[in-house]
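Protein chains in written order, with the working numbering: chain R, 1 to 706; chain P, 707 to 805; chain F, 806 to 981.
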Amino acid sequence: MTHNANWFLEYAWLVPLLPALSFVGILFFGKRMRYKGAELGIAAVSLSFLLAVCAGFAWIQHHDDVGYQAVQSSTQWLQSGGVEFGAGVLVDGLSVMMLLVVTIVSLLVHIYSTDYVGDDKRYTHFFAFLSLFTAAMLFFVLSDNILQMIVGWELVGVCSFVLIGHWWEEKPNSDAALKAFLTNRVGDVGLIIGTITLFFAAGGGNTFDTIKINEAIVQGEVGHTALVVASVCLMAAVMSKSGQFILHTWLPDAMAGPTPVSALIHAATMVVAGVFMIARLYPVFFEGMQIGGSSINLMATIGAVTLVFGGLLAFVQDDIKKVLAYSTVSQLGYMVMALGVGAWTAAVFHLFTHAFFKANLFLGSGSVAHAVHSFDMKKDMGGMRKFMPKTYVTFIIGSLALAGLFPLAGFWSKDEILVGTGGWGLFGGTGGNGAYTFHLLMGLFGAALTAAYMTRCVYLTFHGEFRGDRSHGDPHESGPRILVPLYILSGLAIVAGFVNLPAGFQLVGDSWTERFGHYVEPYKSSYFPAIDHATPSWSLAVVASVVALVGAGVAIYYYFVKVDRLADQTQQSLTELPDGLSKSNGLAGAGHKVLVNKYYLDHLYEGVIVAFTKVPLARAAYWVNQKVIDRTVDAAGETAVLVGRQVYDVVDQSVIDGFVDGSGRVSDATGEELRQINSGKVQNYAAILFAMAAVLAGTFLIIFAL
Amino acid sequence: MLLNQFLLLSAVLFCIGVYGVLARKNGVLVLMSIELILNAVNINLVAFGALTDNVAGAVFALFTIAVAAAEVGIGLAIVLLIYRNRRSIDLSEIDLMKG
Amino acid sequence: MSLLAALSADADLYVAQNVFFAVIAVSMIYSAVRVVTTGNVVHAALWLVVVLAGVAAQFILLGSEFVAVTQVLVYIGAVVVLFLFGVMLTRASLGDDESVGDEKRGMAAVVGVLLFAVMAIALIDSFEDGRLVIETPQSVNAVSDAIFSQYIVAFEAVSVLLLAALIGAIVVARKD
């Protein structure tokens, strides 16, 4: 390389090294430190963040000087049979962007955690693994070969296991951790097979180097069949890691971990690893899935299905974190779909913006939960805006950004994904890699769903009357160490979208548009497929916004107008009770409260009509005034809730969860022989292991040797 | 001599070992079967070392012997513990992992 | 029998070695079968000694004398004694009363045969023409040089592993 790359790019490996060192430091000396190791973790991640920022500027400089040319510095790790196993860092726009996202979210999560888990008995341990988690993800994104990526991938998995099971004394928590870990193992099989396939097919059997593999594929030196196998296997890994449909069930369960961990997992580290891997090995998927010039493919369809299913499931959750968890599933669906339709920049950009607003929402929900000591929106929340106005504002900003309303971050990235489908043929906006009309429609539907379930979430949490336990006094606003990260993240949720204004955006000069894509997408480099870029379209942006607004509007009408009015009615009866629920009639008060809550439940889940028969006055007024709208809204609300409930009950809980959880249940039905599989006897497992190893080896034998 | 005669002998030993691991109920006997498997591997290592006239095969066979010694130590300790807790080392009675 | 045909076509036919190999191999296989089928635990340990000694003899045939000596010292000297101690300490039934279900044996046999079939096909397919020409036995010098230079890290790791196993075995088996 003639150009002498910048110091910050060549020494980017310092970024993951610092948190890794801090992990060791905290583990050994944390308990003796003044702040029990938190200060070491924060210091290390802050330094990493500074280095990442410098690397960001250095990359822009480098890019302006020599164009998109990755900086790779690697060393030999080990050598075996003539194959060199390298270890090194690959710094390009994508990894620099990931460094920035991971370090900033991690830094804020670290700060937030000092308050949130402040009196936890494993405080030091928590910070140690927070550092390791960050280090693992940074290591993963900087990997310059696919073998190293596996190492990072597994490290991230292990850390998530430890952190989800942080409060392992309670059985559900350790179960959730195990579930996350085991579900990911399923995908890891795909990852390993995919890696091996790539090594032999694209690496020529002597290199794992990412760039070389990508270049070989771009130059068409690799057979199509091998790429199909590799991309499908890697897709399985992505499905488990990034919570795509069928293998997403671990993700909501992972909410058992402490909230800062959820924020870290969902925003910056664990789940985006899968998306990052697709982005990093994009030629494999682009050729393997035949993305260009098509109108349907496996990846895009998985993404589209995931985004709609995730959105529907978010409707019926009572746990605020589970709403956000399913929302993450849905947003990851967007990213995967975008990659599947060839909108690489849109996907990565959505990853970037999503990290900020989802971290914001998670930390906000943690702030609320910290105040009421519960995550149950229906039982213990409601009316929180009076107690926590600051959290409320940040949460609203995050929700608006997630719903994709102009001009917040989510609007720009979601719009770009929709444009990228190439399915919008009206008013000049089109192009892209094919006509993915179905995916465009799913994306639009998902946008409406997103807006609607976030409205519901905001209403249940922050509006109406407080339904929680007031015996310990009113909940109060969180402290500055929780609020400051929220402010920063909501600020980012507002502005993050502006870094990639669509091309041809008439309000600003051309030098301001597509900065993100320009610096991040390796479009002109040798290791990226020749994808087509779609042309942004005003009409689609307007339609998408309208769809989101309609979704939000329906939900607002449903909750803020109708439910609120009902709440007002019942509130009169509520206020008749003595304040504070004194001990003498506390039982009666509590009983009444339960009734009210039950009433809410009926109202929310069995439809407005049923509820209205109980309040004839309001019903009459509405039926006279707004008969038509009413019906539409009722139908929409009911259908959404019904479908969501149905999907949740039947598909998610019974079919998929049952499928994933209980191989035992299935085998019960298929008879005695098969039931022995789950007998718990070690030797039966060993027999299956050996037999399967033999079958696998036999298969390889038949394929490769005979 | 043919390389294959050693490799096939090793394969036979390996499979007998696998049979023992799967069919035996007594924990100590299972450990003995594992020793058969490890020895099969050692024959392979040394045979390939002889084929390529390379000392690495012998070195790794030595390492395997060391690891096997450690494995037997730990394995017997575990068997002892199981015996102390359950008064039996019948592996077919141990099904804590039953789903 | 392509194997036999290949044997007889072998230019450097090591008759004595091949005879020894066959005798040892047959006795090893027989003993190994006894190890996994005999009902008596002590007998099984003794049959295991025969297998291990056979392995040592094969090592000598392959010219790795040092490995053969180590095999005898460590395996027959230490490991088998450990096994016998294990048998005594667990007071495992010494008589012929080990009853294994038939279906379990069947399953194990199927798995074993399947595994062997796959391995045999793969081996015959890939190493059909592998000839072993052993003129001089491997010198202990070369082995020790390799261990203490090229494989020093692995050697250290193994020593740490042995230490860990020692401590682990004590921790696991200790009464308290």
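Glycine residues also receive a C-beta, built at the ideal position from the N, C-alpha and C atoms.
So, with DSSP's three-state summary, where would you put S869 of chain F?
coil
Neighbour flag for V765 of chain P against chain R, beta carbons, 8 Å:
no
Thinking C-alpha only, which one of R:S478, R:L324, R:V284 is nearest H373 of chain R?
R:S478
Three-way DSSP call (helix, strand, coil) for E521 of chain R in this model
coil
Closer than 8 Å is the cut-off here; do at least three beta carbon pairs connect the region 410-425 of chain R with the region 329-346 of chain R?
yes
So, does the CB of L968 of chain F fall closer than 8 Å to a CB anywhere in chain R?
no
Using 10 angstroms around the beta-carbon of L440 of chain R, count the other beta-carbons present and answer buried if the total reaches 16, otherwise exposed.
buried
Chain R contact residues for L928 of chain F, given Cβ-Cβ distances below 8 Å
Going along chain R, no residue has its Cβ under 8 Å from L928 of chain F, so there is no contact; the nearest lies around 11 Å.
Mapping DSSP to helix, strand and coil, what is L90 of chain R?
strand
Residues of its chain near A347 of chain R, where Cβ-Cβ distance is below 6 Å and the 5 sequence neighbours each way are ignored
M335, A338, L339
List the residues of chain R whose Cβ lies closer than 7 Å to the Cβ of V761 of chain P, in chain order.
The premise fails here: V761 of chain P is roughly 16 Å from chain R at the closest Cβ pair, so nothing lies under 7 Å.
Cutoff 6 Å; reference L483 of chain R; Cβ partners in own chain excluding five residues on either side
K390
Quick test of the definition: if touching needs 3 or more C-beta pairs under 8 Å, does the region 124-139 of chain R touch the region 87-102 of chain R?
yes
Hey, is F690 of chain R's beta-carbon within less than 8 Å of any beta-carbon in chain F?
yes
Can you list the residues of chain R that V923 of chain F reaches, using a CB-CB cut of under 7 Å?
A694, A697, G698, L701
In whole angstroms, what is the alpha-carbon distance linking A717 of chain P and L182 of chain R?
32 Å
Which chain P residues are close to A687 of chain R, counting only those with a beta carbon under 8 Å from its beta carbon?
L728
Just how far apart, CA to CA, sit G189 of chain R and N946 of chain F?
One point to set straight first is that residue 189 of chain R is Val, not Gly, in the sequence displayed. Between V189 of chain R and N946 of chain F, the C-alpha separation is close to 43 Å.
In whole angstroms, what separates the C-alpha of V546 of chain R from that of V329 of chain R?
23 Å
Rounding to the nearest angstrom, what Cα-Cα distance links I788 of chain P and M149 of chain R in this structure?
40 Å
Alpha carbon to alpha carbon, how far is A254 of chain R from S262 of chain R?
7 Å
Would you say V977 of chain F faces chain R, with C-beta separation under 8 Å as the test?
no
With DSSP collapsed to three states, give me the class of F8 of chain R.
helix
According to the Cβ coordinates, are V752 of chain P and L966 of chain F closer than 8 Å?
no
Residues of chain R with CB under 8 Å from L714 of chain P, in chain order?
Result: empty, since nearest Cβ-Cβ is about 16 Å, beyond 8 Å.
DSSP beta-bridge partners of N145 of chain R
R:D209
Just verifying my parser: in three-state terms, what is the DSSP assignment at W59 of chain R?
helix
Can you confirm whether V841 of chain F, when its beta carbon is compared against all beta carbons of chain R, has any partner nearer than 8 Å?
no
Would the beta-carbon of R456 of chain R fall within 8 Å of that of F349 of chain R?
no
Please list, in chain order, all residues of the same chain as A44 of chain R whose beta carbon is under 7 Å from its beta carbon, the five residues on each side excluded.
L18, P19, L21, S22, S131
Please confirm if K681 of chain R has its CB atom under 8 Å from at least one CB of chain P.
yes
According to DSSP, is F85 of chain R helix, strand or coil?
strand
Between the alpha carbons of A985 of chain F and Y725 of chain P, how many angstroms are there, rounded?
Nothing can be reported for residue 985 of chain F: it is not among the residues displayed for chain F, which extend from 806 to 981.
Go through its chain and collect everything with a Cβ distance to R385 of chain R's Cβ below 6 Å, but skip five positions before and after it.
Y392, F462
Roughly how many angstroms lie between the CA atoms of F560 of chain R and G383 of chain R, to the nearest whole one?
12 Å
Using the beta-carbon of each residue, which ones in chain R are nearer than 8 Å to V724 of chain P?
F690
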